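Worksheet for the structure shown next.
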Amino acid sequence: MSLEKDAKTGKFLEAAKACHNICRLHGVHLLINDRIDVALACDADGVHIGQSDMPVAVVRTLLGPEKIIGVSCKTPEQAQQAWVDGADYIGCGGVYPTNTKVNNLTVGLEGLKTVCLASKLPVVAIGGISVSNARSVMELGVPNLKGVAVVSAMFDTESILVETQKLHAVLMETRAVVK
Ligand SMILES: Cc1ncc(COP(=O)(O)OP(=O)(O)O)c(N)n1
Ligand SMILES: Cc1ncsc1CCOP(=O)(O)O
């Protein structure tokens, strides 16, 4: 689970701590999006950072060797750099068009596959993914594609629980478990 960044720091930290308690109960890792300070303050399991955020090497120094660091990558070069810099996984997208992130390049399934093939790290696909297309993503046939990350599929829905269960079922069927 990855927690969003657009909240005031106090509220964000409060939410992060609450999420972390729930995640712990269920054996799920909590990664904080972009905010290294919040991740440190709530002792999260790691962070997810973008290409224009703090460099991976600096984040590693701040968090230590045990924490998980993910980096958003759209190209094979970025994927290679993430590995060199000591990241643990990369996120790649947007796979499909999405309204969640404006001015975001859509790399498509082909772009995702290209990045996966170039990556020495596990890859999480993101962008426009839902129950209706998760199977196509996971069946790309690249072994290091380990899961999907979703925002609107969960939050633009009547029941987060039902949608999560459906998505989980699809991912289990394709032998990928997203945590
Ligand atoms: C797997 C994954 N990908 C991306 C993000 C967060 O994305 P965002 O901070 O909006 O954009 P970048 O700056 O990382 O490009 C995530 N949490 N997980
Ligand atoms: C962080 C990020 N990167 C590409 S799309 C996206 C947001 C998630 O998209 P969606 O709401 O379509 O799941």
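Residue numbers (the UniProt record's numbering): 1 to 179. Just so it is clear, CB atoms sit at the ideal spot from N, CA and C, and this is done for glycine as well. It should be emphasised that the depicted structure is a prediction, and the values quoted were computed from it without experimental measurement.
Item                                                                                       : Value
Same chain only: Cβ atoms within 6 Å of Q165, ignoring 5 sequence neighbours per side      : none
Residues near D34 in its chain [Cβ-Cβ closer than 8 Å; skip 5 each side]                   : K5, V47, H48, I49, G50 and D53
contact_flag[the stretch 89-100, the stretch 127-141] where n(CB pairs < 8 Å) is 3 or more : yes
Pocket of ligand 2 (residues with CB nearer than 6 Å to any heavy atom), chain order       : G93, G94, T98, T100, K101, N104, I126, G127, G128, I129, V150, V151, S152 and A153
Contact under 8 Å by Cβ, A118 with Q81                                                     : no
Ligand 1 heavy atom lying under 7 Å from the CB of V124                                    : yes
N33 beta carbon near ligand 1 (any heavy atom closer than 7 Å)                             : yes
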